[in-house]
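Read the structure below first, then the notes.
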Amino acid sequence: MSATSSVLPLPATGRVPLTLRFFAALDRKAWIALGIFLALALIVVPVLNLMVPPDSVFHVSAYAITLIGKIMCYALVAVAMDLIWGYGGILSLGHGLFFALGGYAFGMYLMRQIGRDGSYQSDLPDFMVFLDWKELPWFWLGSDSFGWAAFLVMAVPAVVAFVFGYFAFRSRIKGVYFSIITQALTYAAMLLFFRNETGFGGNNGFTDFKRVLDVPITAPETRLMLFALTAIALAATLVFSAWLVKSKFGRVLTAIRDAESRVMFIGYNPLWYKLTIWVISAVLCGIAGALYVPQVGIINPSEMSPANSIEIAIWVAVGGRGTLIGPVIGAFAVNLAKSWFTVSFPEYWLFFLGLLFIVVTLLLPQGLVGLWKKIISKKQGAQA
Amino acid sequence: MNAQTIRLDQPDGGDSATQLGHVVTGELDLSHGVALYLEDITVSFDGFKALNNLTLAINAGELRCIIGPNGAGKTTMMDVITGKTRPDSGKAFFGQTIDLTRLTEPEIAHVGIGRKFQKPTIFEQHTVFENLELAMKTDKRVWKSLMAWLTGDDRDRIADTLRTIRLDHEADRPAGLLSHGQKQWLEIGMLLMQEPKLLLLDEPVAGMTDDETMRTAELFVSLAGKHSLVVVEHDMAFVEKLGGLVTVLHEGSVLAEGDLATVQNDQRVIEVYLGR
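Residue numbers (the numbering used here), protein chains in the order written: chain A, 2 to 385; chain B, 321 to 596.
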């Protein structure tokens, strides 16, 4: 049982407070690893960035911070994808949509924070002036409030996921059919957001951000703060997900993945289980999108392109489905490779990505984590 | 005597009676001694009638065996009872009040019907213990599952069932590693954890050794009385050991009914089994 390897001595039975259950979700090694990760992100990286002179080998550049911050957002998306795919057995090829929706929701706030510092010195965002709009569309109402933006970051993906998921799961759409429909969904949304009339800046999207919470967005301190927030969000997501998959809910979820009809015949309604994890996954993507946009400084409809969503699935497959650390490793491995490739051999990146997917599917069905476990067990076998 | 009973007594009653008596989520009412009542059930797939005006009643506490050649409609009948297949026409009632044709699979499980599949269907990635835990009768909504934590009583119940199905030494093994016979037992154990009133068992002893088969028969006989059991089986030694009434299905309807010796000597039954 899950309690056996926990940090705290939990009673095996009876009522256990939820906070203690969160502690029990990770074993001691995992908590230590998480602590080291947070110490690096919250203390070591800021010190190396601010205190160490740029010519030192130990200096961490602003470029590196933005890159790692961006990849941590991707890792968060990958964990969200793993919850629905690795544990729920439902392959979504439209998770880029939820990521972009979160990004757009927060982007609206960032656009309003520009104030009159845009090219046209207007209260309206530049693209609206350019389109000769005289006032904000109704759905921009309240977008100058950080609290409302933070709410929308989670609420918009949640509502879209709930409505879509309810009808899809109720109709018992499964497997490749579900994947194709999610792919179509994100593509349709991309076309919608490409239109100027939609009110989200058309194909340019949102960019040229100046401030967030009234502080300059490109200042080193702001950058580090966003970096730290992303690290905290990733860590919190990992703990939350660990609790989720180790709860009875998680066991029902994997049971649905393995034998859905048996789950129904013992009295669970898979619809609500799938819908719950689907909405949770979408909300996590929305949060990742909101952290991503201020760090990279742009959000546009290309984030909704089908290729982006497929890439998310590749991160998870490379890292290892059905483990929580796998998607994080996969997101880092693939994206670090991508940033190296796109500088050194830009024209070969897509070939490499395709090759990677084939190799992982054929040779490493459990991803890098599976490979690591195999090596460990072989070593132990050799010693025995 | 409530409206529902009237409806059962007068199956051709008008629409108003049907609506009056329509209790979808009623409590299980076995007061009239009938646990399961199928009437004129017809199911066709592309013109082929898998069930053809099937009428069948199972009494509360009864142990009934269903036999019949391949394609007689045994599995389709179970699909209708558990909500997997909707009949084209006919009635299916659980007790006096529960209309099975209106409920979904989880709802039917919830009112007290458990099903064992022909091929053992268990959660192979989960441990034996977890398989039983998931099957255990409890509130099975999402929020309750998120907050669920086993009580001492729960553990005792799981331990009891583990002993009953003789898997107490395998509790922490992944269920996928069990032998075929053990998987069959685990699935039966999962049924028991649901505490159903009616158990549907589709070829429960397929792939078991003779010894396991006889132990299963003893278990089923001990369950009868408290539960109603419907067992589909080809193994005549097993059917004989169970005792009780035997129903022979053929081409989607009941061909003969009686104790095993009677149906085995029935001329029509002999023709169906041997005449091909």
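Think of the CB as a built atom: it goes at the ideal place given N, C-alpha and C, for glycine as much as any other residue.
Because the structure is a prediction, the values reported are computed rather than measured.
Going by C-alpha distance, which of the options is nearest residue i?
i, options, result
"Gly501/B", "Leu376/B, Thr529/B, Glu560/B", "Thr529/B"
"Met155/A", "Thr277/A, Ile181/A, Ile281/A, Met226/A", "Ile281/A"
"Pro18/A", "Trp469/B, Ser465/B, Leu543/B", "Trp469/B"
"Ile110/A", "Leu227/A, Gly90/A, Asp215/A", "Before going further, note that residue 110/A is Tyr rather than Ile in the sequence given. Comparing Cα-Cα distances from Tyr110/A to each of Leu227/A, Gly90/A, Asp215/A, the minimum goes to Asp215/A."
"Asp522/B", "Lys503/B, Glu515/B, Val550/B, Asp349/B", "Val550/B"
"Leu94/A", "Ala332/A, Ala314/A, Ala190/A, Arg113/A", "Ala314/A"
"Gly391/B", "Cys385/B, Phe368/B, Thr402/B", "Phe368/B"
"Thr396/B", "Ala557/B, Phe437/B, Val462/B, Thr582/B", "Phe437/B"
"Leu193/A", "Gly176/A, Ala151/A, Ala101/A, Val240/A", "Ala101/A"
"Phe396/A", "Cys286/A, Pro302/A, Tyr274/A", "Residue 396/A lies beyond the range of chain A shown here (2 to 385); nothing can be said about it."
"His446/B", "Phe358/A, Ile288/A, Ala260/A", "Ala260/A"
"Gly166/A", "Thr208/A, Gly287/A, Trp279/A", "Trp279/A"
"Pro389/B", "Ile401/B, Val400/B, Ala370/B, Asp360/B", "Ala370/B"
"Val284/A", "Leu21/A, Phe147/A, Ala234/A", "Ala234/A"
"Gly298/A", "Leu292/A, Lys275/A, Ala220/A, Thr208/A", "Thr208/A"
"Phe147/A", "Gly382/A, Lys175/A, Phe128/A, Met112/A", "Met112/A"
"Glu347/B", "Cys385/B, Asp399/B, Gly432/B", "Gly432/B"
"Trp350/A", "Glu312/A, Leu365/A, Gly323/A", "Glu312/A"
Using the Cα positions of residue i and residue j, report the straight-line distance between them to the nearest angstrom.
i, j, result
"Glu425/B", "Arg486/B", "29 Å"
"Asp143/A", "Ala159/A", "In the sequence as displayed, the identity of residue 143/A is Gly instead of Asp. If you take the alpha carbons of Gly143/A and Ala159/A, they lie about 19 Å apart."
"Phe38/A", "Asp419/B", "57 Å"
"Gly392/A", "Gln296/A", "A question about residue 392/A goes unanswered here, because the residues of chain A that appear run from 2 up to 385."
"Phe352/A", "Ala308/A", "13 Å"
"Val343/B", "Thr417/B", "Low confidence applies to Val343/B: its pLDDT is 41, below 50, so where it sits in the model is not reliable, and the reading given next is rough at best. About 6 Å."
"Asn451/B", "Gly472/B", "17 Å"
"Glu382/B", "Leu466/B", "38 Å"
"Ala31/A", "Ala243/A", "10 Å"
"Tyr88/A", "Gly563/B", "45 Å"
"Met305/A", "Pro494/B", "40 Å"
"Thr533/B", "Pro440/B", "15 Å"
"Phe131/A", "Asp118/A", "15 Å"
"Val319/A", "Val48/A", "32 Å"
"Thr231/A", "His430/B", "44 Å"
"Val317/A", "Ala332/A", "7 Å"
"Gly341/B", "Leu423/B", "Note that Gly341/B has pLDDT 37, beneath the 50 cutoff, so the model's placement of it is unreliable and the number below is only indicative. If you take the alpha carbons of Gly341/B and Leu423/B, they lie about 16 Å apart."
"Gly321/A", "Phe540/B", "44 Å"
"Leu454/B", "Thr481/B", "13 Å"
"Leu245/A", "Gly353/B", "44 Å"
"Lys561/B", "Ala526/B", "15 Å"
"Tyr293/A", "Ala106/A", "12 Å"
"Gly1/A", "Asp488/B", "Chain A is shown from 2 up to 385; residue 1/A falls before or after that span and cannot be answered."
"Ile428/B", "Val400/B", "11 Å"
"Leu512/B", "Ile478/B", "10 Å"
"Asp145/A", "Asn204/A", "22 Å"
Tell me whether residue i is buried or exposed, calling it buried when 16 or more other Cβ atoms sit within 10 Å of its Cβ.
i, result
"Ser248/A", "buried"
"Tyr121/A", "exposed"
"Phe23/A", "exposed"
"Leu77/A", "buried"
"Gly97/A", "buried"
"Asp408/B", "exposed"
"Val58/A", "exposed"
"Ser180/A", "buried"
"Ile326/B", "Note that Ile326/B has pLDDT 36, beneath the 50 cutoff, so the model's placement of it is unreliable and the number below is only indicative. By the neighbour-count rule (16 or more Cβ atoms within 10 Å), Ile326/B is not buried but exposed."
"Asn336/A", "buried"
"Glu591/B", "exposed"
"Gln114/A", "buried"
"Asp127/A", "buried"
"Asp476/B", "exposed"
Mind checking if residue i is an interface residue toward chain C, Cβ cutoff 8 Å exclusive?
i, result
"Phe24/A", "Among the protein chains of the structure shown, namely A and B, there is no chain C."
Please list the segments of the beta strand (DSSP E) lying wholly inside the stretch 250 to 317 of chain A, counting only runs of 3 or more residues, in order along the chain.
Complete beta strand (DSSP E) runs here, min 3: none at all.
Could you run through the stretch 204 to 217 of chain A and flag, in chain order, every residue whose CB is less than 9 Å away from some CB of chain B?
Listed in sequence order: no entries.
At a Cβ cut of 7 Å, what residues of the stretch 232 to 260 of chain A count as close to chain B, listed as they run along the chain?
Within the stretch 232 to 260 of chain A, the residues whose Cβ lies closer than 7 Å to any Cβ of chain B are, in chain order, Ser248, Lys249, Phe250, Arg252, Val253, Thr255, Ala256, Asp259, Ala260.
Give me the subset of the stretch 438 to 450 of chain B whose CB atoms are less than 8 Å from a CB atom of chain A, sorted by chain position.
Taking 8 Å as the Cβ-Cβ cut-off against chain A, the residues of the stretch 438 to 450 of chain B that qualify are Thr441, Ile442, Phe443, Glu444, Gln445, His446, Phe449, Glu450.
For the stretch 526 to 560 of chain B, list every residue whose C-beta sits within 9 Å of some C-beta in chain A, in sequence order.
Residues of the stretch 526 to 560 of chain B that bring their beta carbon within less than 9 Å of a beta carbon in chain A are absent altogether.
Return the chain-ordered ranges of every alpha helix (DSSP H) run that is complete within the stretch 386 to 426 of chain B and spans a minimum of 4 residues.
The qualifying runs are 394 to 401.
Positions along the stretch 393 to 412 of chain B whose CB lies within less than 7 Å of some CB in chain A
Within the stretch 393 to 412 of chain B, those residues whose Cβ lies closer than 7 Å to any Cβ of chain A are, in chain order, Thr402.
Enumerate, from N- to C-terminal direction, the unbroken alpha helix (DSSP H) stretches of 4 or more residues contained entirely within the stretch 9 to 49 of chain A.
You should have 19 to 26, 29 to 40.
Against chain B: residues of the stretch 312 to 327 of chain A by CB proximity under 8 Å
Residues: none.
Secondary structure, alpha helix (DSSP H): runs of 4+ residues fully inside the stretch 66 to 136 of chain A:
Those alpha helix (DSSP H) runs which fall completely within the stretch 66 to 136 of chain A and span 4+ residues are 96 to 114, 127 to 131.
Residues within the stretch 268 to 296 of chain A neighbouring chain B, beta-carbon criterion of under 7 Å
Only Gly268, Tyr269, Asn270, Trp273, Tyr274, Thr277 from the stretch 268 to 296 of chain A bring a Cβ to less than 7 Å from some Cβ of chain B.
Give, in chain order, every unbroken run of the alpha helix (DSSP H) that is at least 4 residues long and sits entirely within the stretch 528 to 596 of chain B.
Whole alpha helix (DSSP H) segments, 4+ residues: 530 to 543, 556 to 562, 580 to 585, 587 to 594.
Quick one, which residues of the stretch 459 to 487 of chain B are near chain A if we go by CB-CB under 8 Å, in chain order?
So the list reads Lys460, Arg461, Val462, Ser465, Leu466, Met467, Ala468, Trp469, Leu470, Thr471, Gly472, Asp474, Arg475, given in the order they occur along the chain.
Could you pull out every unbroken alpha helix (DSSP H) segment of at least 4 residues lying fully inside the stretch 163 to 243 of chain A, listed in chain order?
For the stretch 163 to 243 of chain A, whole alpha helix (DSSP H) runs of length 4 or above, ordered along the chain, are 176 to 195.
Give, in chain order, every residue of the stretch 163 to 175 of chain A whose Cβ lies closer than 8 Å to some Cβ of chain B.
Per Cβ criterion, the list is empty.
Please give the ranges of any beta strand (DSSP E) in the stretch 455 to 537 of chain B, keeping only runs that are unbroken, at least 3 residues long and fully inside the region.
Considered as a whole, the stretch 455 to 537 of chain B harbours 518 to 522 as its complete beta strand (DSSP E) runs of no fewer than 3 residues, in chain order.
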